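Asker: I'd like to ask some things about the structure below.
Residue numbers (this note's numbering), protein chains in the order written: chain A, 1 to 155; chain B, 1001 to 1786.
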């Protein structure tokens, strides 16, 4: 069957197989920035925003997302025009191997859209589904807080 | 101390923004045309002989290109351990074998057009097993009559395979029995640690293909590209020159990628079919079939004088290497060699280890590398000595720990699978680390005074640690630096950044040495065709060994630059030359020339040549970093749940070349260690099958599990390291088990002898204690203010 997605603002039509999950469809079509392969929704590396809400793309059927808008990390910011969250993750040492980073930033991005001034606990809660084995999270939380400052400066 | 421009400064991790914006940097971020997908069939038995294997149906399944078993693959015994040559691990492994030795041992592989087809075909392979009795407890492995796990004739380098003994170690100094006899108090404790996995978020992944000359390119998530090249060549019996290994960005390793696991299989498929091949572990495969941490039973006996001076330390380690002996000998060595020298005041020391085969998952290298298990026991036993002598745990440690200018006989006696190298400590801030950490946690207000609030009791505990910086006289790294027209430099080196930030550290070292900005260094690492050799990323060697090589290359290039400048200035010597802000300046004459001008001059104008140099680094030193860890925990007596409230790590890693990266290494290791101490544990059926191979049931820490973590970086200058640096990657994983164990004793007077400290075990210990005494908690000790 065919599905219609709007990915990072671009309209796309993909052929999908029955039972296929969103993660596999995205990676097969070149969205290699979406990581992960636990297929249980437990590591969070495959997080994307579906209509602005973070979701593990390994646990949602590609068909279910038909006609929805999907944001990957490249929709948040690019190498040339990074988002303050991305800049903050770099500056605060919140990126080590970087495999979980896109998912973590997307979760933080969704949080800040909803709640521009979160507490530490709220930040930790938002990042809780994005497992990171390198950083120990402390610098990630600091980065999210720092990004709030950067976002305000940008305005 | 000299003021540095880039050393000790936070420059942004050079790959961070690319990673944060999702650039295609990992192994699996490319997709090659006609790529075959590889899936594996694993043994469902812990110990069995494959009497017959029928792959006909699988071979005939649509899309299947190749089915691999022991029948049609090279039968060359080797080790999967990505160590230097000759490897200190036994040769006890074949690519595929007729005998399977654990649930998860590789039986067959299928290469097909799609992953689905490969997975379907796997199901069609018919295996007839003759099931053998299995060894499922390391304590049974050496018993008379135990099933022999490695009875293959070709096995090489195992100590006594007929008794399931992969390795055996015995070293001593002084007279241990006399030492105990002359001690006033003796403490003996036994602790057991569990199976745990590294859990890199990117699992093992390998893609292979032929280049345009028919050579095999292996693009793989590895910590040891050069060892991969050598061992794949060995396992497939092809020349090293036929293989190129490329390490792109790596999604975490922690030791599990210091192994050759998928590489030889994919390479063989590509060699046979001419087509690209890809194998990616699922999370379940990562748990059951990659590598784990060696579970150990560690017995520590300490004899001390009344004043607290240690007189004798005896350690016995029983280590479970699982079905294969990869890293078995060296991990067990490190349980002693990275712990016992810390207490060098004891003249009588003895260390024994038995490393046994079992029919359980394969153990391997894991951050901490045996030291973690050794410290779990040693640092709790040290607290017990303190309690017996009614002495503050800080005081007893200060009395006994190693100091600058001192050595320990263990350094020489116990090396990496062979004799070690004598080390004299040249930098050690342990006293300051203990003082600063104690202050930060509030030790003198809290120790010995557990605070109770309802069911919840708070206590504090601490531990101290050392590790090493690379393996002395074994680990070698090399780097090549070459100059470009704009005064930028290409650094190509074998150092293997697996997320740690080594490439950034390398650029800082070049920048500092050549007076340029780190951004002017273009780093390309770990490609066996394009970069010089490096043993890879393990044994906390990155900054010290690979960084040392980078420094040596930069020093040579600096000399070459000075020689050209001398000519251009018309001066006679270079001793008044300095390199700063991209210029060579003669302090004697005030003349200056930019690096760009020098590059143009040497490439195009006169006496043309390439300014470039290769530097190597190997060292007789492996300077230990030191750490003092402090933790405050809250234990719920009703539920048995331990919650860390605050964790303090005071660390001496010499000069921190990039403090933010150092901090990341410290916190990351602590949190990994917290998981190991509190929740992470393989659970097995009684037939040896792991039942919890996923993140639902094997709980690794997530953001909300993290206590307040304070890092104190106490700078020292290590004269043997590049710009005064020592290592930092591993040491801080050693603290959580003993520090929390000691805090638990401080809070409730209970000591757990098995990790992880799960609620069940805590409750059990509380119950046991209630039976012993009616509710009286640990005897308070007055902390002595130093």
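Positions of the beta carbon are idealized from the N, C-alpha and C atoms, including for glycine. On a predicted model such as this, the values are computed, not experimentally measured, just so you know.
1) One question on the structure: do residue 1331(B) and residue 1370(B) come within less than 7 Å of each other, judged by their Cβ atoms?
2) Which one of 1227(B), 1382(B), 1279(B), 1198(B) has the shortest CA to CA distance from residue 1293(B)?
3) Does the Cβ of residue 1239(B) have 16 or more other Cβ atoms within 10 Å, making it buried, or fewer, making it exposed?
4) Taking 6 Å as the limit between beta carbons, can you name the residues of its chain near residue 1055(B), skipping five residues before and five after?
5) Would you say residue 82(A) touches the ligand ATP, meaning its beta carbon is less than 6 Å from a heavy atom?
6) Ignore the nearest five residues each way along the sequence and tell me which others in residue 1786(B)'s own chain have a CB closer than 6 Å to its CB.
7) What first and last residue would you give for the alpha helix (DSSP H) that runs through residue 1271(B)?
8) Any C-beta of chain B within less than 7 Å: which residues of the region 64 to 83 of chain A qualify?
9) Which residues bound the alpha helix (DSSP H) around residue 1568(B)?
10) Mind listing which residues of the region 1690 to 1714 of chain B have their C-beta closer than 7 Å to chain A's C-betas, in chain order?
11) Return the chain-ordered list of same chain residues with a C-beta closer than 6 Å to the C-beta of residue 1741(B), the five sequence neighbours on each side being excluded.
12) Can you give me, in chain order, the residues of the region 116 to 127 of chain A that have a beta carbon less than 7 Å from any beta carbon in chain B?
13) Using a C-beta cutoff of 7 Å, does residue 58(A) count as contacting chain B?
14) For the region 1198 to 1215 of chain B, which residues have a CB atom closer than 8 Å to at least one CB atom of chain A, in sequence order?
15) Measuring only between beta-carbons, confirm whether residue 1786(B) sits less than 7 Å from chain A.
16) Please report the straight-line C-alpha distance between residue 1078(B) and residue 150(A), rounded to a whole angstrom.
17) For the structure I just gave you, are there three or more beta carbon pairs, one from the region 1629 to 1646 of chain B and one from the region 1461 to 1474 of chain B, closer than 8 Å?
18) Would the beta-carbon of residue 1192(B) fall within 7 Å of that of residue 1082(B)?
19) Indicate the three-state DSSP secondary structure (helix, strand or coil) for residue 1508(B) in the structure shown.
20) Does any C-beta atom of chain B lie closer than 7 Å to the C-beta of residue 136(A)?
21) For a quick check, are the C-beta atoms of residue 1726(B) and residue 1404(B) less than 7 Å apart?
22) Please report the straight-line C-alpha distance between residue 1681(B) and residue 8(A), rounded to a whole angstrom.
23) Would you kindly report the start and end of the unbroken beta strand (DSSP E) that includes residue 989(B)?
24) What does residue 45(A) reach in chain B if we use C-beta pairs closer than 7 Å?
25) Determine the extent of the beta strand (DSSP E) in which residue 1587(B) is found, giving its start and end residues.
26) Is the distance from the Cβ of residue 14(A) to the Cβ of residue 3(A) below 7 Å?
27) Using a Cβ cut-off of 9 Å, pull out every chain B residue sitting near residue 33(A), in sequence order please.
28) Helix, strand or coil for residue 1242(B)? Go by DSSP, reduced to three states.
29) For the region 1270 to 1290 of chain B, which residues have a CB atom closer than 7 Å to at least one CB atom of chain A, in sequence order?
30) Can you pull the DSSP bridge partners for residue 1068(B)?
31) I'd like to know whether the C-beta atoms of residue 1496(B) and residue 1665(B) end up nearer to each other than 7 Å.
32) With a Cβ-Cβ cutoff of 7 Å, do residue 1134(B) and residue 1041(B) count as a contact?
33) CB residue 1528(B) to CB residue 1244(B), shorter than 7 Å?
34) Whose C-beta lies closer than 6 Å to the C-beta of residue 1195(B) among residues of the same chain, with five residues either side of it excluded?
35) In the DSSP assignment, what are the bridge partners of residue 1652(B)?
36) Below 7 Å on C-beta distance, what does residue 148(A) contact in chain B?
Answerer: To lay it out plainly:
1) yes
2) 1198(B)
3) Residue environment: residue 1239(B) is assigned as exposed (fewer than 16 neighbouring CB atoms within 10 Å of its CB, all protein chains considered).
4) 1067, 1125
5) This structure simply doesn't include the ligand ATP, nor any ligand for that matter.
6) Confidence at residue 1786(B) is low in this model, with a pLDDT of 39, below 50, so its placement is unreliable and the value that follows should be read with caution. So the list is empty, once near-sequence residues are dropped.
7) 1263 to 1273
8) Along the region 64 to 83 of chain A, the positions whose C-beta sits under 7 Å from a C-beta of chain B are 72, 73, 74, 77, 78, 79, 82, read in chain order.
9) First-last of the alpha helix (DSSP H) with residue 1568(B): 1547 to 1569.
10) 1694, 1695, 1696, 1700, 1702, 1703, 1704, 1706, 1709
11) 1380
12) 124, 125, 127
13) no
14) 1198, 1199, 1200, 1201, 1202, 1203
15) Residue confidence for residue 1786(B) is low, a pLDDT of 39 falling below 50, so the modelled location carries little weight and cannot support an answer.
16) 54 Å
17) Contact annotation: the region 1629 to 1646 of chain B touches the region 1461 to 1474 of chain B, with at least three C-beta pairs closer than 8 Å.
18) no
19) helix
20) yes
21) no
22) 40 Å
23) The displayed coordinates of chain B run from 1001 to 1786. Any statement about residue 989(B) would go beyond what the structure contains.
24) 1201
25) Premise fails: residue 1587(B) is in no beta strand (DSSP E) and is neither H nor E.
26) yes
27) 1021, 1022, 1023, 1024, 1029
28) helix
29) 1280, 1282, 1283
30) 1109(B)
31) no
32) no
33) yes
34) 1292, 1295, 1682
35) 1626(B)
36) Those do not exist, as residue 148(A) stays about 17 Å from chain B at its closest Cβ, beyond 7 Å.
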